[in-house]
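Undergrad:
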Amino acid sequence: MQMPMNGTMIVDPCMMFGQDEVRRIVGMALAGAMVEPVDVSVGQLTFGSMRLDNIFCPNLRIELTAPFTVSGLFSLSGTLRLSARVTLRITPVSGGRAASVCLTEIRALGISIPASPGLESTALGLAGQFLPGELCFDVTGLLG
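Whatever position you read off the sequence shown (first residue = 1), add 2 for the working numbering.
#1: In chain order, which beta strand (DSSP E) runs of at least 3 residues are fully inside the stretch 28-72?
#2: Going by the beta-carbon positions, is the gap between Cys104 and Pro60 smaller than 8 Å?
#3: Can you tell me whether Val141 is helix, strand or coil according to DSSP?
#4: Tell me whether Gly112 sits in a helix, a strand or coil according to DSSP, three-state version.
#5: From this set, Phe49, Ile108, Gly20, Thr142, which residue's C-alpha is nearest Thr97's C-alpha?
#6: When you compare only the Cα positions, how much space is there between Gln21 and Pro116?
#7: For Phe76, is the classification buried or exposed, using 16 other Cβ atoms within 10 angstroms of its Cβ as the cut-off for buried?
#8: Straight-line CA distance for Asp140 to Ala31?
#9: Taking Cβ to Cβ, would you say Arg53 is nearer than 8 Å to Leu62?
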C-alpha cells in the first residue's frame, strides 16, 4: 500500500478482496467505462464496452477485450486484447471516501480484424501508440 501526500491510498485490490469480489468490481467498472475517442492519422479510434477476461493476483493484472472502430479515411472494426496492472485508489473526501479502479501499464496482446485479417500484425504494432498510459474509473458506489 502506498500513501501519496494528498492522503490517497493506492492498494492492490487482491489484498482487500477475494478474487470473486475483485472480478465483480473490476468487471463492473470496465463494463460501464467510456473511453474518449482518439484522433489517429486516418480518422478517429473509438473503443466499445470493455470485457474482463482474466485476473491474476497478487499485484492485480488483468486481461481484457475491447471492441474498436476506426472511422475517417476508411472504416475498420475489430477487437483488441489488452493486459494492464490494476490498482484501487481510495481518497478521503468530505463526508466519506471516493474510490477509483485505475489501469496502468496497458499493453496490446492481440488484435482481430475479421474484415481485413491481413492488417492485423500492422494494426497491433500501431495499437500500442494509441493506448493511454492510465485509465481510472469511479467505483465509489460499488464498494459500499
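Note that beta-carbon positions come from the ideal geometry of N, C-alpha and C, so glycine has one too. Model, not experiment: these values are computed from the prediction.
TA: On the basis of the data shown:
#1: Counting whole runs of 3 or more residues, the stretch 28-72 contains the beta strand (DSSP E) stretches 40-42, 45-49, 53-58.
#2: With contacts defined by Cβ atoms closer than 8 Å, Cys104 and Pro60 do not form a contacting pair.
#3: Val141 sits in coil when the DSSP states are folded into three classes, being neither helix nor strand.
#4: The answer is strand: DSSP assigns Gly112 an E or B state.
#5: At residue 97 the sequence reads Gly, which differs from the Thr that was named. Nearest of Phe49, Ile108, Gly20, Thr142 to Gly97, Cα basis: Thr142.
#6: Taken atom to atom, the span from the alpha-carbon of Gln21 to that of Pro116 is near 33 Å.
#7: Exposed, by the Cβ-count rule.
#8: Approximately 7 Å between the Cα atoms of the pair.
#9: With respect to the 8 Å criterion, Arg53 and Leu62 are not classified as neighbours on the basis of their beta carbons.
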